[in-house]
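Undergrad: If you count the sequence shown from 1, position 492 lands on 516 in the numbering used here, and the numbers rise without skipping.
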Amino acid sequence: MTKNKEIPNDYGLSVWGNNNFIVSDGKVCVNTGSKPPILDIVNEIRTDGYRGPLLLRFPHLVKNQIEKMYNTFNKARKEYKYTGRFQAVFPLKVNQFPGFVQILIEKGEKYGYGLEAGSKAELIIAMAYNQDGAPITVNGFKDEEMISLGFIAREMGHDVTLTIEGLGELDTILDMQKKTNDPMPNVGIRIRLHTAGIGIWGKSGGINAKFGLTSTELMRAVQLLKNAGQLDRLNMIHFHIGSQMEDIAPLKRALREAGNIYAELRKMGAVNLKAVNLGGGLAVEYSQDEHNKSASYSLQEVANDVVFLLKSICENKGVEEPDIFTESGRLIAASHAVLVAPVLELFTQEYTEKALNLKETGNPPLVSELYDLYATINEKNAAEYLHDSLDHMESLLTLFDLGYIDLQDRSNTEVLVHLIIRKALNTAAHLSERDRLQQRIQEKYLVNFSLFQSLPDYWGLGQEFPIMPLDRLDKKPTRSASLWDITCDSDGEITFKAKRPLFLHDVDLSEQNYFLAFFLAGAYQEVLGMRHNLFSHPTEATIEIDDEGYHICDLKPAASLLDILDDIDYDITDVQKQLKKRIERSEIIPVEKRQDVLAELYLYLSENGYLKTTRLV
Ligand SMILES: *Cc1c(COP(=O)(O)O)cnc(C)c1O
Numbered sequence: 025m026t027k028n029k030e031i032p033n034d035y036g037l038s039v040w041g042n043n044n045f046i047v048s049d050g051k052v053c054v055n056t057g058s059k060p061p062i063l064d065i066v067n068e069i070r071t072d073g074y075r076g077p078l079l080l081r082f083p084h085l086v087k088n089q090i091e092k093m094y095n096t097f098n099k100a101r102k103e104y105k106y107t108g109r110f111q112a113v114f115p116l117k118v119n120q121f122p123g124f125v126q127i128l129i130e131k132g133e134k135y136g137y138g139l140e141a142g143s144k145a146e147l148i149i150a151m152a153y154n155q156d157g158a159p160i161t162v163n164g165f166k167d168e169e170m171i172s173l174g175f176i177a178r179e180m181g182h183d184v185t186l187t188i189e190g191l192g193e194l195d196t197i198l199d200m201q202k203k204t205n206d207p208m209p210n211v212g213i214r215i216r217l218h219t220a221g222i223g224i225w226g227k228s229g230g231i232n233a234k235f236g237l238t239s240t241e242l243m244r245a246v247q248l249l250k251n252a253g254q255l256d257r258l259n260m261i262h263f264h265i266g267s268q269m270e271d272i273a274p275l276k277r278a279l280r281e282a283g284n285i286y287a288e289l290r291k292m293g294a295v296n297l298k299a300v301n302l303g304g305g306l307a308v309e310y311s312q313d314e315h316n317k318s319a320s321y322s323l324q325e326v327a328n329d330v331v332f333l334l335k336s337i338c339e340n341k342g343v344e345e346p347d348i349f350t351e352s353g354r355l356i357a358a359s360h361a362v363l364v365a366p367v368l369e370l371f372t373q374e375y376t377e378k379a380l381n382l383k384e385t386g387n388p389p390l391v392s393e394l395y396d397l398y399a400t401i402n403e404k405n406a407a408e409y410l411h412d413s414l415d416h417m418e419s420l421l422t423l424f425d426l427g428y429i430d431l432q433d434r435s436n437t438e439v440l441v442h443l444i445i446r447k448a449l450n451t452a453a454h455l456s457e458r459d460r461l462q463q464r465i466q467e468k469y470l471v472n473f474s475l476f477q478s479l480p481d482y483w484g485l486g487q488e489f490p491i492m493p494l495d496r497l498d499k500k501p502t503r504s505a506s507l508w509d510i511t512c513d514s515d516g517e518i519t520f521k522a523k524r525p526l527f528l529h530d531v532d533l534s535e536q537n538y539f540l541a542f543f544l545a546g547a548y549q550e551v552l553g554m555r556h557n558l559f560s561h562p563t564e565a566t567i568e569i570d571d572e573g574y575h576i577c578d579l580k581p582a583a584s585l586l587d588i589l590d591d592i593d594y595d596i597t598d599v600q601k602q603l604k605k606r607i608e609r610s611e612i613i614p615v616e617k618r619q620d621v622l623a624e625l626y627l628y629l630s631e632n633g634y635l636k637t638t639r640l641v
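1) Do you know how far the Cα of A307 is from the Cα of I224?
2) Which value, in whole angstroms, describes the spacing of the CA atoms of I612 and L622?
3) Note down, in chain order, each residue of its chain lying with its Cβ closer than 8 Å to the Cβ of N28, except the 5 sequence neighbours on either side.
4) Across which residues does DSSP place A361 in a beta bridge pair?
5) How is the beta strand (DSSP E) around G212 delimited, first residue to last?
6) Quick one: Cα of L440 to Cα of I401, how far?
7) What is the DSSP secondary structure of L528, counted as helix, strand or coil?
8) Would the beta-carbon of A299 fall within 8 Å of that of D347?
9) What span of residues does the beta strand (DSSP E) with Y149 cover, start to end?
10) Quick one: what does DSSP say V471 is sitting in, helix, strand or coil?
11) Decide yes or no for the touch test of the region 366-382 against the region 321-340: beta carbon pairs closer than 8 Å, at least 3 of them.
12) Of all the options T511, H529, Q487 and V54, which has the alpha carbon lying nearest to the alpha carbon of F1?
13) With distance defined between alpha-carbon atoms, name the residue in L485, G633 and I337 nearest to R555.
14) Can you tell me whether E165 is helix, strand or coil according to DSSP?
15) What separation, rounded to the nearest whole angstrom, lies between the Cα atoms of K92 and N42?
16) With N44 and S359 assumed to form a contact (beta carbons below 8 Å), what rounded beta-carbon distance in angstroms separates them?
17) Look up F371 in the DSSP assignment and give the residues it is bridged to.
18) Say the cut is 7 Å; is the CB of A547 nearer than that to a heavy atom of ligand 1?
19) Smallest Cα separation from V118: which of I148, E351 and Y135?
20) Anyone know if the C-beta pair for L258 and A294 falls short of 8 Å?
21) Please say whether F263 and A282 have beta carbons closer to each other than 8 Å?
22) Select from R214, M492, F489 and Q432 the residue whose C-alpha is nearest the C-alpha of G303.
23) Put P115 into one of helix, strand or coil per three-state DSSP.
24) With a threshold of 7 Å, establish whether the CB of V118 neighbours any heavy atom of ligand 3.
25) With E140 and F114 assumed to form a contact (beta carbons below 8 Å), what rounded beta-carbon distance in angstroms separates them?
26) Rounded to whole angstroms, what is the Cα-Cα separation between S521 and F235?
27) Compute the minimum distance between the beta carbon of G157 and the heavy atoms of ligand 1, and state whether it is under 7 Å.
28) Restricting to runs no shorter than 3 residues, where is the beta strand (DSSP E) found entirely within the region 558-639?
29) Considering just the uninterrupted stretch of the beta strand (DSSP E) at A399, what are its terminal residues?
30) Would you mind sorting K166 into buried or exposed? The rule is 16 or more other CB atoms within 10 Å of its CB.
31) Quick check for students: name the residue ranges of the beta strand (DSSP E) that lie wholly in the region 481-531, counting only runs of 3 or more.
32) Would you mind sorting S560 into buried or exposed? The rule is 16 or more other CB atoms within 10 Å of its CB.
33) Can you tell me where the alpha helix (DSSP H) with M292 in it begins and where it stops?
34) Taking the straight line between their C-alpha atoms, what separation do you get for I429 and D415?
35) Quick one: residues in its chain with C-beta nearer than 6 Å to the C-beta of S474, no 5 flanking neighbours on either side, listed in chain order?
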């Protein structure tokens, strides 16, 4: 046997896994407490009748990330004797689902972890659930109503900062204060950086960015606040340079700009300006390949750089060291959610010798030659025989097109070439075209989920997510795999990539289930997920783990077919009425059976739209 050099059995776990998961006894296990296999959790949920994809949330992973963020920055503050505090808010746009937000609030309590809102709906979530005393920041464009919500938040006792994106917003805030004489919320200013943003989301920074005030506008803002006697409400300057930063050079450049702007504004009399908000953008390692990592820095490096830079700017300009604020979302949320989806079918292109159907006599000479190549291919001649067989195949296909050979001959050609490629791959380790050949004999795995609903960034941005099977990890995966989702859109596919190949196991689904897990699905995917083909957010469950075992809490079934239709504004009473009418006037269904058919139909309406694994109970 040759070694499968492309992917080890841990599917790059040591690259992206962050010690959150381990492989034990051939299964992926959650690396905490009793270390339960994810498969056990999935099987237990399925015993209760839930089918289709499952989204598992692990609260301890949210806690780990929050802890890590605060500890890392606080360690750097200590090391550099930095006097400003470290504070953070979670940007709700990354994941607003109650199943997640609840966990976030609970795990962040001890740190005074706050929330960032970018819209009215998000602000309402923050106003309702933010911990007392923890900060709320409000970014994005705001109308009068949204600003008014900010005033109400302040009156409720929240420590709320409205970050203005333009001078118009500041005018509105000041006017409203004057009119109502209500206490002003804090005002933050988003600065327009000279430094360009980076990454796919780079439009967030730079001089042509959608957001932020130029230097001239900044000076004008200070003047406006001063004139209104409200300069003491200015408490924060803010920037955000983009998501999933590959390296930290742009962040450092932005910080130099921001640090100096902070110092200048302090000197202009902004005595309560006490925070520099770096936005988010810290990357998550999604790569399954050691040599192809997404990010080149560690969190400690970022923290050290930020603290050191701000400290030296403040020393230089003789101003107080500001609080460091961050709004990292992806970093906090991504790891907590794992999507698990059952494989429904293998669309096997794998032919065994059994599929060969050679004629007793009259096989075309090239087919007989293919057979000889197959019978005698070995390690030494593999490359040569392989090339011969591919040539023969081309000729045979041409002969078929010209009408000289029949369908049976063509089928034998396909089978033989397939067998030859497999034999070559198995006998010769160093074939130069290994990758291309793997692609040629890839297996299509039909997986019970919707890529559009559950991993929209794969579809929209080509963002990769770590994928691995939940069990059989003690066996070598041999099939080059591409994954099909169950939407009828040809984009709903994770193709086999020769450069970053996915290998899966040879499975007999009539014997055993095979589940694939998609990791790091906790950031952005849920709310960006779309109902293409009307597939809904999957069934979700929160999994608490302690030393004794695990508990499945907060199980939320995926929406039923009726709910889905209701959600896009069908009158579901009418839908049911129409269905009933059609059954009643059917000329095929006998009268005495109509009630049963209707009952069956109503049962389907109450279930979710994902497929059921038909083979196993
Ligand atoms: C999106 C966004 C964030 C979060 O970015 P991540 O890359 O998820 O950390 C933070 N701040 C602002 C203003 C944002 O728009």
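We treat Cβ as the ideally placed atom computed from N, Cα and C, and that holds for glycine.
TA: A quick look at the data gives this:
1) The predicted model places I224 with a pLDDT of 46, which falls under 50 and marks its position as unreliable, so this point remains unresolved.
2) 14 Å
3) Unreliable positioning characterises N28 in this predicted model, as indicated by a pLDDT of 43, which lies under 50. The coordinate reading is nonetheless provided below. Within the same chain, N28 has close Cβ partners K500, P501, T502 and F527.
4) R81
5) N210 to R214
6) 12 Å
7) strand
8) yes
9) It is worth fixing the name first, because residue 149 is Ile in this sequence and not Tyr. Where I149 is concerned, there is no enclosing beta strand (DSSP E), although the alpha helix (DSSP H) it sits in stretches over K144 to Y153.
10) strand
11) no
12) With the chain represented from 25 up to 641, any question about residue 1 goes unanswered, as that position is not in the structure.
13) G633
14) Correcting the residue identity first, residue 165 is Phe in this sequence and not Glu. Coil at F165, not helix or strand.
15) 12 Å
16) 6 Å
17) K468
18) yes
19) E351
20) yes
21) yes
22) R214
23) strand
24) You won't find ligand 3 in this model; what it holds is ligand 1.
25) 6 Å
26) Residue identity differs from the one stated: residue 521 is Lys in this sequence, not Ser. Approximately 37 Å, taken between the alpha carbons.
27) no
28) 563-569 and 574-580
29) That residue, A399, is in no beta strand (DSSP E); its alpha helix (DSSP H) goes P389 to T400.
30) buried
31) 491-493 and 503-508
32) buried
33) M292 -> no alpha helix (DSSP H), and no H or E assigned at all.
34) 16 Å
35) D509, T511 and F559
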